[in-house]
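Trainee: Protein sequences appear in the order of chains A and B. The first sequence begins at 1 in our numbering and counts up one residue at a time. The second sequence begins at 1001 in our numbering and counts up one residue at a time.
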Amino acid sequence: MNRESIQINIIGAGLAGLSCAMTLARAGQRVRLVSFQHSERAQSNLAEGGINAVMNVMGEDDRIEYHFADTMKGGCDLADPVMVKGLTEAAPGIVREMIALGVPFHRENGKLMQRNFGGQKLKRTTYARSSTGKALMSALISAVRKYEAEGIVTRYSHHEFICLLLDGDAVSGVRIWDRFRKERLDLEGPVVMACGGMNGMFAGATTGTTANTGVAAAVLFSQGVCFGNLEFMQYHPTTVSIAGKRLLISEAARGEGGRLFCKRDGKKRYFMEEKYGERGNLMPRDVVSREIAQLSESVYLDMTGLSQQIWQERLSDLRSEVQHYLRIDPAKEPVPVAPGIHYFMGGILVDASHRTNLRRLYAAGECACAYHGANRLGGNSLLGAIYGGKTAACTVLRELSEGFGPVKNDSGKEDMPAFISREEMRIHDRMVDALLNGMGLIRTRETLVQALEELSSLEKPELSRAMSAQLLLARAILLCALERRESRGAHTRRDYPDTDETFRKTTKVMLEKGRIQITYEEITPYPTA
Amino acid sequence: MKKSLHILRRENAKSSPYWEDFLYETQEENDTVATALRAIAGAAQKEGDRRPVAWESSCLQKRCGACAMVINGKPALACDTFLKEIPGEKITLEPLRKFPVVEDLVVDRSIMMENLKALSVWLNEDAQLHSEEMAFEASVCLQCGLCLEVCPNFAPGGSFGGMAAMNPLAHLIANSPREGRKAVAKSYRRGVFNGCGKSLACRNICPAGIRIEGLLVKSNAAAVWGRWGQIGKGSR
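1. So for LEU15(A), helix, strand or coil by DSSP?
2. Looking at chain B, is there any beta carbon in it that lies within less than 8 Å of the beta carbon of ASN45(A)?
3. Starting from LEU15(A), find everything on chain B with Cβ-Cβ shorter than 8 Å and list it in chain order.
4. Using a Cβ-Cβ distance under 8 Å, would VAL1150(B) count as near chain A?
5. With GLY533(A) as the anchor, note down where its beta strand (DSSP E) starts and where it stops.
6. Measuring straight from C-alpha to C-alpha, what distance separates GLY379(A) and SER131(A)?
7. Check the C-beta distance from CYS1202(B) over to VAL1150(B) and give it rounded, since I have them as a contact under 8 Å.
8. Compare the C-beta of GLN1027(B) against all C-beta atoms of chain A and say whether one is closer than 8 Å.
9. Between which two residues does the alpha helix (DSSP H) harbouring ASP533(A) extend?
10. Is the distance from the Cβ of GLY1191(B) to the Cβ of ALA1068(B) below 8 Å?
11. Have a look at the DSSP bridge pairing and note the partners of CYS262(A).
12. Can the beta-carbon of GLY489(A) be found closer than 8 Å to that of GLU366(A)?
13. Are the beta-carbon atoms of ASN116(A) and GLY255(A) separated by less than 8 Å?
14. Between THR391(A) and HIS342(A), is the Cβ-Cβ spacing less than 8 Å?
15. Alpha carbon to alpha carbon, what distance is there between ASP61(A) and ILE152(A)?
16. In angstroms with no decimal places, state the Cα-to-Cα distance between ARG1236(B) and GLY1229(B).
17. Judging by CA-CA distance, which residue of PHE271(A), ILE64(A), ASP302(A) is the nearest neighbour of GLU291(A)?
18. Report the rounded CA-to-CA distance for ASN558(A) versus ALA364(A), giving the unit in angstroms.
19. State the beta-bridge partners of CYS369(A) as determined by DSSP.
20. Taking 7 Å as the cut-off, is the C-beta of ALA1185(B) nearer than that to any heavy atom in the ligand PLP?
21. So, helix, strand or coil for PRO1168(B), using DSSP?
22. If you measure between the beta carbons of VAL171(A) and PRO237(A), is that distance less than 8 Å?
23. How many angstroms separate the CA atom of LEU18(A) from the CA atom of GLN323(A)?
24. Taking 8 Å as the cut-off, does the segment 32 to 41 of chain A touch the segment 65 to 75 of chain A (at least 3 CB pairs, one atom from each stretch)?
25. Please identify the residue among PRO336(A), ALA203(A), MET345(A), ARG32(A) whose C-alpha is closest to the C-alpha of ASP302(A).
26. Quick one, which of THR206(A), GLU423(A), LEU458(A), GLN470(A) has its alpha-carbon nearest CYS1059(B)'s?
27. Could you give the DSSP three-state label for LYS390(A): helix, strand or coil?
28. Just the Cα atoms here: how many angstroms apart are ARG264(A) and MET198(A)?
29. Note down, in chain order, all residues in the segment 92 to 105 of chain A with a beta-carbon under 9 Å from any beta-carbon belonging to chain B.
30. Chain A beta carbons: is any one of them nearer than 8 Å to that of TRP1122(B)?
31. Under DSSP, the beta strand (DSSP E) around LEU247(A) begins and ends at which residues?
32. So, does the CB of ASN1115(B) fall closer than 8 Å to a CB anywhere in chain A?
33. Could you give the residue range of the alpha helix (DSSP H) that holds SER1139(B)?
34. Report the three-state DSSP secondary structure of SER1226(B) (helix, strand or coil).
35. Using the C-alpha atoms, what's the distance from ARG107(A) back to GLY258(A)?
36. With a cut-off of 8 Å, does the C-beta of TYR343(A) fall near any C-beta of chain B?
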């Protein structure tokens, strides 16, 4: 197969998918961009607070090594330092590139502004009010449109991932489902997964979208793709329950001066500031969420001290969203908040080149396990999505030029419906309940074992392959949490409250000969300057 | 709270439409039409007696535009329509009428993206930001299609792209370097200005809160009347 005849299949058209598509298209490589819905519906559009990069525009002598150190520390030393080094070094160039694409990052008197964000002492987060993800997406959609018009990028919107087409330990293509025409398509060529976080495994309890069902991740797992760090999922400290989901109150609210308090004996207690000093509200998300979980009182986010100018120029969208869905004006009264599932640090395990354990399969964005270790810093997800998409694209181009060798498709007969059947909805609901019970913010052996037992009671031989794949992934998540007998980052065990350095390793989990196997891989040492 | 959802259904583009009623009862005062649809679709699936209602959703917080439909005769997002604010028990749900129906409340809105492609809506040079406010406001367009639904001038297949084309073009206008202006202006006149009858029916429909009139005035000033210097005026 020569390079001209090969098309790269990108599954997911959010930020990572678009970034990957743009990079490949710029190099003249033809791309199929497959997505469940149009890019405008992707979860990346919901990202709010900003994107981290050392732009050094705020007169604070920021340095790339500080961004690197904060990301490593925020991730409790579980991220791959080689990857974080690449990410943080590329960040300023990425922000400049986004500016060139027309992203209206906030400026004052013509000067680019950056704001404070959790886990970072310096102002390093570039932003477009509280809609940074949307602003980035609009610019990237426009940029990729050019290549669509030129025929380099072909969109397969309203298409759903069914399964990989396998050729031994290599991927020969992907099977997708046209939701509108109700027909199946087999696409040959390398596959880049950019399908987002597995929200649907915790349906109704996350800040994400309903379209991220988690089925794609589950099917990949059942097909032998190696996953990493599944026990690490981020509870964002400031979310609120609204119909069908958790509504995120961006960390930008605290970055701009919002304060957390609880009421004790009739008095306001600014518990984060009391314990961690004046920057307490901007501790990393795992720390803040854990503190909230340990309180018996309700917690409020107080934004009433923010100036009119901040509301107008930086948080107008956050204010109108809170007013609309909660009927509270955050400029006038505190908002009751609680931790909610927001981001999956774990996912498809990739190396620094965004390769997976299967040849010709790559992954980027939230579906991949990269960069964030045991806890992601706010502002690093948009960065990781764009950088990951680019890196995966560069790897694909490099491997294409080296030649992929012949590909045969011998799994084309396999049919894997992507849908949960009618009868299985109840099983799905019970799986979600089991996961929520087992994977709470604070875990114990008892709750995890109980959840695993509940899953066992749901497993039946006659289930659809999509449902059984989800049960399998659910089991893998719980087992990863059970096996990690320590507390680190977003993984808090009441029965193992301390961090244990022997666990400073990446959890690798995969299906081998029908059994879930968990192993631990050493973290590569810090790169020296 | 008890609501009866009266839904215009169709199995596929070729089959005949029919009405079907679903009852939804809730204790949650902040439930939306989207909550009700999720519940009745789920219930139908669990019971297996009726074909689940097909509809599009994603963010449930009016940041993605997926769940656009016609609610009691008015185009709106299902996640943006609170049940308690709808008088009476009956709620009529229909698919958007300007786009081909795929199934039930699902329509194919790809004509919006095709229009933008045909109008070459992208930057060929590095952006040069003239107005952060204009670029930001234009960039939050959801491409949901509600503005096209109420537009007396928009018809699929025509050269007029409506406000769904105006917003991304306004984003380009707010970012256009001198050398790119001619091409942007040409696209704008062709896709927006020439076809817009200035009815402003779309004025209050945008769920993202885009102030259409203001963006139109600024875009017209630059792309039609050549007053590019006006874009940045009045902005912070």
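Even for Gly, the Cβ is constructed at its ideal location relative to N, Cα and C. All values reported here derive from a predicted model rather than from experimental measurement.
Mentor: Once the coordinates are examined:
1. helix
2. yes
3. Result: empty, since nearest Cβ-Cβ is about 14 Å, beyond 8 Å.
4. no
5. The question about residue 533(A) has no answer, for chain A in this structure spans 1 to 529.
6. 12 Å
7. 6 Å
8. no
9. Residue 533(A) is absent from the structure shown; chain A starts at 1 and stops at 529.
10. Contact: no.
11. ARG269(A), VAL299(A)
12. In this structure, the beta-carbon distance from GLY489(A) to GLU366(A) does not fall below 8 Å.
13. Closer than 8 Å, so yes.
14. no
15. 42 Å
16. Residue placement at ARG1236(B) is poorly supported in this model, since its pLDDT is 41, which falls under 50; the coordinates still yield a value, given next. Roughly 15 Å separates the two Cα atoms.
17. Nearest C-alpha to GLU291(A): PHE271(A).
18. A question about residue 558(A) goes unanswered here, because the residues of chain A that appear run from 1 up to 529.
19. The beta-bridge partner set that DSSP reports for CYS369(A) consists of LEU349(A).
20. Because no ligand of any kind appears in the structure shown, any question about the ligand PLP cannot be addressed here.
21. DSSP places PRO1168(B) in helix when its eight states are reduced to three.
22. no
23. 32 Å
24. Not touching, per the Cβ criterion.
25. Cα-wise, what sits closest to ASP302(A) is PRO336(A).
26. Its Cα nearest to that of CYS1059(B), the residue THR206(A) stands out among THR206(A), GLU423(A), LEU458(A), GLN470(A).
27. helix
28. 37 Å
29. ILE99, ALA100, LEU101, GLY102, VAL103, PRO104, PHE105
30. Output row for TRP1122(B): interface = yes.
31. 245 to 248
32. no
33. 1132 to 1139
34. Note on identity: in this sequence residue 1226(B) is Gly, with Ser being the wrong assignment. In the structure shown, GLY1226(B) sits in coil (DSSP, three-state: anything other than H, G, I, E or B).
35. 21 Å
36. no
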